[in-house]
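*Asks:* Order-wise, the sequence lines are chains A and B.
Mapping of the first sequence onto numbering that gives the first Met the number 0: residues 0 to 191, in sequence order.
Mapping of the second sequence onto numbering that gives the first Met the number 0: residues 0 to 191, in sequence order.
Think of the CB as a built atom: it goes at the ideal place given N, C-alpha and C, for glycine as much as any other residue.
Quick one: this structure, given as structure tokens, is what I'll be asking you about.
There are 2 protein chains.
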Amino acid sequence: MKALTRKEQIEKKATALFKEKGFAATSMRDLATVLGIEAASIYSHIRSKEEILHKICFRMADEFFQALDAAEAAGTSATERLVEAIRAHVLVLTKNTEASAVFLNEWRHLSEPSHSEFLKLRDQYEERFREIIRFGVKNREFEVPDEKFAALTILSGLNWLHTWYKPNGKMSPNEIATNLSAMLLNGLKTTK
Amino acid sequence: MKALTRKEQIEKKATALFKEKGFAATSMRDLATVLGIEAASIYSHIRSKEEILHKICFRMADEFFQALDAAEAAGTSATERLVEAIRAHVLVLTKNTEASAVFLNEWRHLSEPSHSEFLKLRDQYEERFREIIRFGVKNREFEVPDEKFAALTILSGLNWLHTWYKPNGKMSPNEIATNLSAMLLNGLKTTK
DNA sequence: TTCATTTGCTAACAAATGTTAGTTTTTTAT
DNA sequence: ATAAAAAACTAACATTTGTTAGCAAATGAA
């Protein structure tokens, strides 16, 4: 546990509030109360409310991309790559549930040009999953009706995680990743 | 196309705004502008901003439950039941994308006691999916690590739909339902 | 101690918010 | 044409909002 700077403390508390109540419904005075200071004092450390949101969203984008880069380097088959990509995604998600929730739900409150930049990144990230699936289909490892559709369904299955994952639950992040991969790759049915 | 009452028109425009900008970030003046009237005029038809949100959330809850009731009556095997439950869910979702988005994302802005009532309904709905899966596991139709986990993953896979579904896209709601069922029940892989 | 930095304060602002009261216009039914 | 009902208006309200300016206290290094 390294000591956090005051700015980092502010961002952390803001993340929790943005997850809990949403960005728009969180006032600077709410944030100040949680920090035990006055709202105006926050501005000794940050430029604006949106700056905090920007930081959270783009830092998480970075984390997701880095994790995906490392994961994709690992596998050779489409199955391996996808399993590792899923694991990478789940690990980032579970390591930072609050920031992930903000990343997934609050980005629309970014103003331009950040809003467009964010969407571009998100699309790039999804494209990486589409590529893996496309590769798997060519390979005859996968069989899907539409690769875009498949990619979105997979990411959807992963991105609800932050709403129910509890760090002290019975499944570890790694187990969750394994189970999710199994469900998405093999389905629920015992036989085909 | 039956004529909408003024109140229904207001709710419809509000639904679109709540989806687009979120409940908290939508002001009564925004809504009024879209309607082409003054903000105060809206109060000739509704009691409060939250009343609109309440109406949207609980009406959609009703729709989901009714669709699920009809679907569950249809099937005998767990597989059939789940396929029909998924279809029912997808049809409600695609028939009313905007209200669904509000239903899924904005319920947290309900105040008590509506907030708790809503959560209770949502849990009941999820429980219905858990039951189907539990039945399928006993039956040896399904093989899952944890039925709660499986139910949440399935619903997650469905509930992202509103973010990308376009009524004029190349897949019809029924095709989407079929493809989603296939993906979730059989997985991506060609062989097991 | 001294000085600079960090952190916080009080006071205030202009704008935006949900909502009300009371009135007038528009629509509908008789 | 007239009365009743529905729909919209203007004006205003009390709060809440993000943020700035200027000042004071706390902290750490020299």
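Using a Cβ-Cβ cutoff of less than 8 angstroms, which residues in the same chain neighbour A:Arg127 once the five nearest sequence positions on both sides are dropped?
*Replies:* Result list for A:Arg127: Leu67, Glu71, Ala84, in chain order.
*Asks:* Can you tell me whether B:Ala73 is buried or exposed, with buried defined as 16 or more other CB within 10 angstroms of its CB?
*Replies:* It is exposed - the Cβ of B:Ala73 has fewer than 16 other Cβ atoms within 10 Å.
*Asks:* Would you call the CB atoms of A:Glu140 and A:Ala87 closer than 7 angstroms?
*Replies:* Against a cut-off of 7 angstroms, the Cβ pair of A:Ala87 and A:Glu140 comes out as no contact.
*Asks:* Would you check if the segment 162-179 of chain A and the segment 145-157 of chain B touch, i.e. whether three or more CB-CB distances between them fall below 8 angstroms?
*Replies:* With the cut-off at 8 angstroms, the segment 145-157 of chain B and the segment 162-179 of chain A touch.
*Asks:* On the three-pair Cβ rule with 8 angstroms, is the segment 50-67 of chain A touching the segment 98-106 of chain A?
*Replies:* Yes: the two stretches touch, three or more of their Cβ pairs being nearer than 8 angstroms.
*Asks:* Look at the Cβ atom of A:Leu192, then the Cβ atom of A:Leu30, and state whether they are nearer than 7 angstroms.
*Replies:* Missing from the structure shown is residue 192 of chain A; chain A here goes from 0 to 191 and no further.
*Asks:* So which residues on chain B does A:Thr152 lean against when the C-beta distance must stay under 7 angstroms?
*Replies:* Gly156, Leu179, Met182, listed in chain order.
*Asks:* Based on Cα-Cα distance, which residue from B:Glu49, B:Glu125, B:Leu90, B:Asn167 lies nearest to B:Ala13?
*Replies:* Checked all of B:Glu49, B:Glu125, B:Leu90, B:Asn167; the closest Cα to B:Ala13 is B:Glu49.
*Asks:* Within the segment 110-165 of chain A, note down every full alpha helix (DSSP H) run reaching 4 residues or more, in order along the chain.
*Replies:* If we require 4 residues or more, the alpha helix (DSSP H) runs fully inside the segment 110-165 of chain A come out as 113-137, 146-158, 160-163.
*Asks:* On the three-state DSSP scale, how would you describe B:Lys188?
*Replies:* In the structure shown, B:Lys188 sits in a strand (DSSP, three-state: E or B).
*Asks:* Name the chain B residues whose beta carbon is nearer than 8 angstroms to that of A:Trp163?
*Replies:* Those are Leu151, listed as they occur along chain B.
*Asks:* Less than 7 angstroms between the beta carbons of A:Ala2 and A:Val89, yes or no?
*Replies:* Going by C-beta atoms, A:Ala2 is not nearer than 7 angstroms to A:Val89.
*Asks:* Alpha carbons only, please: which of B:Phe134, B:Glu19, B:Gln123 is nearest the one belonging to B:Ala208?
*Replies:* The shown model of chain B, from 0 to 191, leaves out residue 208 of chain B, and the question about it has no answer.
*Asks:* Within its chain, find whatever has a CB closer than 8 angstroms to the CB of A:Asn95; leave out the 5 residues flanking it on each side and keep chain order.
*Replies:* So the qualifying residues of the chain are Met59, Glu62.
*Asks:* Residues of the segment 107-134 of chain A with a CB closer than 9 angstroms to any CB of chain B: list them in chain order, please.
*Replies:* Within the segment 107-134 of chain A, the residues whose Cβ lies closer than 9 angstroms to some Cβ of chain B are Arg107, His108, Ile132, listed in chain order.
*Asks:* Identify the contact partners of A:Asn185 in chain B, using a Cβ-Cβ distance below 9 angstroms as the criterion.
*Replies:* Per Cβ cutoff of 9 angstroms: Glu142, Asn185, Gly186, Leu187, Lys188, Lys191.
*Asks:* Per DSSP, what kind of secondary structure is B:Leu90 in: helix, strand or coil?
*Replies:* It is helical.
*Asks:* So the alpha helix (DSSP H) B:Thr32 belongs to, where does it begin and stop?
*Replies:* Per DSSP, B:Thr32 belongs to the alpha helix (DSSP H) from 27-34.
*Asks:* My output table needs one value for A:Arg46: the three-state DSSP class, helix, strand or coil.
*Replies:* Residue state, collapsed to three classes: coil.
*Asks:* Mind reading off the beta-carbon distance from B:Gly135 to B:Leu81? Whole number of angstroms is fine, and I expect it under 8 angstroms.
*Replies:* Right, their Cβ atoms sit about 7 angstroms apart.
*Asks:* Does any heavy atom of the ligand FAD sit closer than 6 angstroms to the C-beta of B:Val143?
*Replies:* The model depicted lacks the ligand FAD and carries no ligand whatsoever.
*Asks:* B:Glu10: buried (16+ other C-beta within 10 angstroms of its C-beta) or exposed?
*Replies:* With 16 or more other Cβ atoms within 10 Å, it is buried.
*Asks:* Please state whether the Cβ-Cβ distance between B:Glu142 and A:Thr189 is less than 7 angstroms.
*Replies:* Contact: yes.
*Asks:* Mind checking which residues open and close the alpha helix (DSSP H) that includes A:Arg5?
*Replies:* Counting along the chain, the alpha helix (DSSP H) containing A:Arg5 begins and ends at 5-20.
*Asks:* So, under 8 angstroms CB-CB, B:Ala24 and A:Ala38 are touching, yes? Tell me the CB distance rounded to an integer number of Å.
*Replies:* So it is not a contact: roughly 20 angstroms between Cβ atoms.
*Asks:* Following the continuous alpha helix (DSSP H) through A:Thr96, name the residue where it begins and the one where it ends.
*Replies:* It spans 96-104 - the alpha helix (DSSP H) in which A:Thr96 sits, taken as one unbroken run.
*Asks:* Got a sec: is the Cβ-Cβ distance from A:Ala23 to anything in chain B below 7 angstroms?
*Replies:* Yes, its Cβ sits closer than 7 angstroms to a Cβ of chain B.
*Asks:* Classify B:Ala150 as buried or exposed, calling it buried when 16 or more other Cβ atoms lie within 10 Å of its own Cβ.
*Replies:* So B:Ala150 counts as buried.
*Asks:* Does A:Arg129 pass the burial test, meaning 16 or more other C-beta atoms within 10 Å, or should it be called exposed?
*Replies:* It counts as buried.
*Asks:* Answer with buried or exposed for B:Ser26, where buried requires no fewer than 16 other C-beta atoms within 10 angstroms of its C-beta.
*Replies:* B:Ser26 should be labelled exposed.
*Asks:* Would you report the Cα separation of A:Leu92 and A:Ser180, rounded to the nearest angstrom?
*Replies:* Their Cα atoms are separated by approximately 15 angstroms.
*Asks:* Between A:Arg46, A:Tyr42, A:Glu7, A:Lys147, which lies nearest to A:Asp122 when the distance is taken from Cα to Cα?
*Replies:* For the residues A:Arg46, A:Tyr42, A:Glu7, A:Lys147, the minimum Cα distance to A:Asp122 belongs to A:Lys147.
*Asks:* In chain B, which residues lie with their C-beta within 7 angstroms of the C-beta of A:Phe148?
*Replies:* Within 7 angstroms Cβ-Cβ: Asn178.
*Asks:* Within 10 Å of its beta-carbon, does B:Gly168 have 16 or more other beta-carbons around it, so buried, or fewer, so exposed?
*Replies:* Exposed: under 16 other Cβ atoms inside 10 Å.
*Asks:* Express the C-alpha separation of B:Ser115 and B:Ser47 in angstroms, rounding to a whole number.
*Replies:* So the two alpha carbons sit approximately 19 angstroms from each other.
*Asks:* What residue from B:Leu187, B:Lys119, B:Thr4, B:Ala69 has the CA that sits closest to A:Pro144's CA?
*Replies:* The option with the nearest alpha carbon to A:Pro144 is B:Leu187.
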